[in-house]
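Shown next, in structure tokens, is the structure this report addresses.
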Ligand SMILES: [Fe+2]
Ligand SMILES: [Fe+2]
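Residue numbers (the numbering used here): 40 to 230.
Now the structure itself:
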């Protein structure tokens with residue numbers, strides 16, 4: 040076995056000292072998450088899906104609008120990552136983003152990201168044979184207005200090639216801050 044790797048082949052044969060090693064190995068892996076997230080965001084630049092801007096630029100515009108509007112760091116990072124699922128889960132992209140963010144953000148921000156696809160549909164579902172008012176199923180939900188506002192102000196206007204968005208590098212420190220392992224530990228302690 041290589042250095043730093045356990046020797047068991049089946050979990051049922053693992054020992055306490057194996058799990059000490061595995062737990063130690065998990066910490067740097069978790070610390071590296073922001074880098075993997077940023078790399079995945081770069082993948083979004085390779086497709087535009089027919090829109091006037093590519094998928095990364097759409098995310099940058101959404102986050103820049105939220106930032107310029109004075110939203111806090113956590114909200115801005117949610118805005119940046121809201122379509123990160125476009126590549127790996129085109130049929131459920133909002134769920135993928137919400138799942139990634141869930142351990143690091145407030146329940147209201149998680150809900151907003153998770154439901155943004157349905158709320159965004161208000162602007163186009165009627166053109167593709169769907170009900171633009173699908174979001175109305177959540178009309179009485181405590182975070183309806185929050186999510187409606189996210190789509191109206193930041194998500195739906197962000198397909199504009201003329202818009203001056205911040206760069207992905209500008210957002211990297213915020214992504215590192217919000218998706219940091221320390222924050223995860225603090226939030227875990229709160230739960
Ligand atoms: Fe989306
Ligand atoms: Fe979007």
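Beta carbons: idealized from backbone N, C-alpha and C, even for Gly.
Residue i versus the options, residue with shortest Cα-Cα distance
i           : options            : result
residue 197 : 166, 209, 87       : 87
residue 63  : 44, 226, 48        : 44
residue 117 : 139, 96, 226       : 139
residue 160 : 70, 42, 170        : 170
residue 71  : 215, 176, 137      : 215
residue 95  : 212, 82, 127       : 82
residue 202 : 156, 217, 98       : 98
residue 217 : 151, 113, 195      : 113
residue 92  : 210, 199, 208      : 199
residue 66  : 184, 220, 101      : 220
residue 193 : 100, 225, 133, 132 : 100
With 16 other Cβ atoms within 10 Å as the buried cut-off, status of residue i
i           : result
residue 154 : buried
residue 135 : buried
residue 58  : exposed
residue 148 : buried
residue 11  : Not covered by the structure: residue 11. The range shown for the chain is 40 to 230.
residue 54  : exposed
residue 125 : buried
residue 68  : exposed
Practice problem: List in chain order: all unbroken alpha helix (DSSP H) runs of 4+ residues lying wholly within the region 118 to 180. | Solution: 132 to 140, 146 to 159
Practice problem: Mind listing, in chain order, the continuous alpha helix (DSSP H) runs of no fewer than 4 residues lying wholly within the region 51 to 77? | Solution: 55 to 70
Practice problem: Taking only runs that begin and end inside the region 187 to 224, name each unbroken alpha helix (DSSP H) of 4 or more residues, in chain order. | Solution: 207 to 217
Practice problem: Just jot down, in chain order, the residues whose CB lies closer than 6 angstroms to any heavy atom of ligand 2. | Solution: 97, 101, 121, 122, 194
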